[in-house]
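J.: Sequence lines, in order, name chains A and B. So the first sequence is numbered by our numbering: it starts at 19 and just counts up by one. So the second sequence is numbered by our numbering: it starts at 17 and just counts up by one. Below you will find the structure I want to go over with you.
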Amino acid sequence: MLLEVEDLHASYGAVRAVQGVSLALSPGEAVSIVGANGAGKSTTLKCISGLLRPESGRIRFEGQELNGRAPYRIAALGIAHVPEGRRVFPELTVRENLNLGGYLPRAKRERPATMERVLELFPILRERTGQQAGTLSGGEQQMLAIGRGLMLLPKLLILDEPSLGLAPIMVEATYKGIAEIHRTGVTILLVEQNLHLALEFADRGYVLESGRVVLEGPAADLLEDPRVKASYLGM
Amino acid sequence: MTPTVVIQAVINGLLIGGIYGLVSIGVSLIFGVVKFVNFAHGEFLMVAMFATFWMWQLLGLDPYVSLFISVPLMFLFGACVQQVLFRRVIGGSDLPQIFLTFALGILLANLALLFFRADVRTVRTPYTDATINIANEIFISWPRLIAFLVALALSGALFTFLTRTDIGQAMRAAAQDRDTAMLVGIDPDRVYRVAVGLASALAAAAGTLLMPFFVVHPYVGAQFGLIAFVVVIVGTLGDIRGALLGGLLLGVVESLGIQFVGADSGRILVFLILLLTLILRPSGLFGGRGART
């Protein structure tokens, strides 16, 4: 297993967001976590990348315990988390954003080559390299955020709601890029509100409801399962 | 009032304004990156001035030589202060930050008073009174000109550092979005140590450059600290370029005030500018947010 999450519990103050999530990813897989708003999807991701300290449970990456490690140490192991809302550095240029994606020693040497790959993957960014990231459109910012994640040369790429608020044509371009990244052997953990998008892309899926995994299995099966839609609609 | 007097006052103001800018850039850099106001910043400058004085007095080192000692030492001093003291109050509410930095300033001033007494000291160099006569009746003091030029060069160097180096870009990234900066592998504590270290190093450079033509005493820090706080408000807190331009502007304003209002009340104009800024443009002349470059 590349990533193992066991019986994860996490909360924001009094709000219990995740109550016993377990999941596992093999190297090279593309896995989606779907579920309604507030089901605990983003919280689970934040625990994996270290932004949020879990209350209990274990997270292991390549056999190493991640619990309690700072996010920048977790990134150094090869986990790139592209957060919800893209979170590009708005007053840095596109080039500077990408450059910082390869800030860690693990990625620094390959930086020019990786940047070239990112610009081939998302050609729109090439015309914008000198522009402040905050002036990009939502879709361009999403591509930049993914590109910045890729600059880390990650083993695991975590994507939180990459389609959120994007025009359909941008969603298509973004997902084309993600599929291309996956093809090069990067394991992908994807959180999406958009059920079809998520499950059509992934090999396997987990359905979260009120902080718990209620269903899991091959993505194709989940797409057919009426319980998925029901859980998604909160019924 | 002859034009010569006005031109001379503007030149003097610009020259000292470069030093004001250098001190203010430090305050602005810390605020932009680490998000608190270092009320001890003037005292950091005072420490560097005393260090320069004693290196001259005891070792015979020229200030332009001891610059290469005081600047790295103050970088280390700042980084240590950040790690040991400031780190404990960042991210919290404003009051502990204000109390801590203010108390540190008082402590440093009183330590200086304890060890060096309230004497006013200065460094006498062969070039202290050297001037260039650039036009009829208009003179430029050499040490002031050198201080001004080095201040501009250091400001430019900082700007280049923030835009061109990895750690400089990381500093701006952490200032804009701390969580996301950590996700790309940036250790914010390290970035903060460098930011406070650099700000202290700039204060040290300003202090050392002042010594050939200025006096040092335990309370000299308050004088420069006060100006720096006015500058960063006028020039927009967190804005590096604004701090430099604000420093030059207030240097000129102060100099004109001394010339035309009176030597004791020259700063009336400085605080008038502060009041006008707060009334008309509370976010400063360059209004924005974050550690701007």
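In this text, a Cβ means the ideal position worked out from N, Cα and C, and glycines have one as well. Model, not experiment: these values are computed from the prediction.
Can you pull the chain B residues whose beta carbon is under 7 Å from the beta carbon of residue 105/A, in chain order?
T.: 193, 196
J.: How many Å lie between residue 185/A and residue 157/A at the Cα?
T.: Cα to Cα, the separation comes out at about 7 Å.
J.: For residue 106/A, tell me which candidate among 187/A, 61/A, 149/A has the shortest Cα-Cα distance.
T.: 149/A
J.: Within 8 Å of any Cβ in chain A, is that where the Cβ of residue 201/B sits?
T.: yes
J.: Compare the Cα-Cα distances from residue 116/B to each of 293/B, 103/B, 253/B and report the closest residue.
T.: 103/B
J.: Does the pairing of the segment 31–49 of chain B with the segment 202–218 of chain B give three or more beta-carbon distances under 8 Å?
T.: Judged by Cβ distances under 8 Å, the segment 31–49 of chain B makes contact with the segment 202–218 of chain B, as three or more pairs qualify.
J.: In the structure shown, what three-state DSSP assignment does residue 149/B receive?
T.: strand
J.: Starting from residue 220/A, trace the alpha helix (DSSP H) both ways and give me its first and last residue.
T.: Where residue 220/A is concerned, there is no enclosing alpha helix (DSSP H), given that its DSSP letter is neither H nor E.
J.: Is there a Cβ from chain A that is less than 8 Å from the Cβ of residue 145/B?
T.: no
J.: Report yes or no: is there a C-beta of chain B within less than 8 Å of the C-beta of residue 89/A?
T.: Yes, residue 89/A lies at the interface with chain B (some Cβ there is under 8 Å from its Cβ).
J.: Can you list the residues of chain B that residue 114/A reaches, using a CB-CB cut of under 9 Å?
T.: 179, 185, 188, 189
J.: Just to confirm before moving on: does the CB-CB distance between residue 124/B and residue 59/B stay below 8 Å?
T.: yes
J.: Helix, strand or coil for residue 135/B, going by three-state DSSP, please let me know.
T.: coil
J.: Please return the same chain residues whose Cβ sits closer than 7 Å to the Cβ of residue 156/B, not counting the five positions on each side in sequence.
T.: 27, 147, 148, 150
J.: Taking 6 Å as the limit between beta carbons, can you name the residues of its chain near residue 72/B, skipping five residues before and five after?
T.: The beta carbon of residue 72/B lies closer than 6 Å to those of 139 in the same chain, with the five residues before and after it left out.
J.: Between 77/A, 220/A, 208/A, 141/A, which has its C-alpha nearest residue 182/A's C-alpha?
T.: 208/A
J.: Could you check if residue 83/A is buried or exposed, using at least 16 other CB atoms within 10 Å of its CB as the buried criterion?
T.: exposed
J.: Looking at the secondary structure, which residues open and close the alpha helix (DSSP H) in which residue 390/B lies?
T.: This structure cannot settle anything about residue 390/B, because the visible part of chain B is limited to 17 through 309.
J.: Determine the direct distance from the alpha carbon of residue 91/B to that of residue 33/B, and round the result to whole angstroms.
T.: Between residue 33/B and residue 91/B, the alpha-carbon positions lie close to 23 Å from each other.
J.: Does any residue of chain B bring its CB to less than 8 Å from the CB of residue 71/A?
T.: no
J.: Classify residue 119/B: buried if its beta carbon has 16 or more other beta carbons within 10 angstroms, exposed otherwise.
T.: exposed
J.: Hey, which unbroken runs of the beta strand (DSSP E) at 3 residues or more fall wholly within the segment 37–124 of chain A?
T.: Within the segment 37–124 of chain A, the runs of beta strand (DSSP E) that reach at least 3 residues and sit entirely inside it are, in chain order, 48–53, 74–79, 97–100.
J.: Expressed to the nearest angstrom, what Euclidean distance is found between the alpha-carbon atoms of residue 167/B and residue 200/A?
T.: Separation of residue 167/B and residue 200/A (C-alpha to C-alpha, rounded to the nearest whole angstrom) is 51 Å.
J.: Please classify residue 51/A: is it buried, with 16 or more other beta-carbons within 10 angstroms of its beta-carbon, or exposed?
T.: The residue in question, residue 51/A, is buried, as its Cβ has 16 or more Cβ neighbours within 10 Å.
J.: Is it buried or exposed for residue 194/A, if we count other Cβ within 10 angstroms and need 16 for buried?
T.: exposed
J.: Could you spell out the range, first to last residue, of the beta strand (DSSP E) harbouring residue 136/A?
T.: Residue 136/A -> not in any beta strand (DSSP E); alpha helix (DSSP H) instead, spanning 129–139.
J.: Determine the closest residue to residue 290/B out of 240/B, 246/B, 164/B, 261/B, with distance taken between C-alpha atoms.
T.: 246/B
J.: Identify, in the order they occur along the chain, each residue of the same chain with its Cβ nearer than 7 Å to the Cβ of residue 58/A, setting aside the five sequence neighbours on each side.
T.: 35, 36, 39, 226, 229
J.: Please state whether DSSP places residue 209/A in a helix, a strand or coil.
T.: strand
J.: Beta-carbon separation of residue 244/B and residue 80/B under 8 Å?
T.: no
J.: Within 10 angstroms of its Cβ, does residue 62/B collect 16 or more other Cβ (buried), or is it exposed?
T.: buried
J.: Hey, quick one: how far does the alpha helix (DSSP H) through residue 175/B stretch, first residue to last?
T.: 158–180
J.: Give me the Cα-Cα distance between residue 315/B and residue 230/B, rounded to the nearest whole angstrom.
T.: Residue 315/B falls outside the range modelled here, since chain B spans only 17 to 309, and no answer is possible.
J.: Measure how close the beta-carbons of residue 109/A and residue 192/B come, nearest whole angstrom, since I'm counting them as under 8 Å.
T.: 6 Å
J.: Skipping 5 residues on each side, what residues in its chain have a beta carbon closer than 6 Å to that of residue 263/B?
T.: 33, 36, 37, 40, 247
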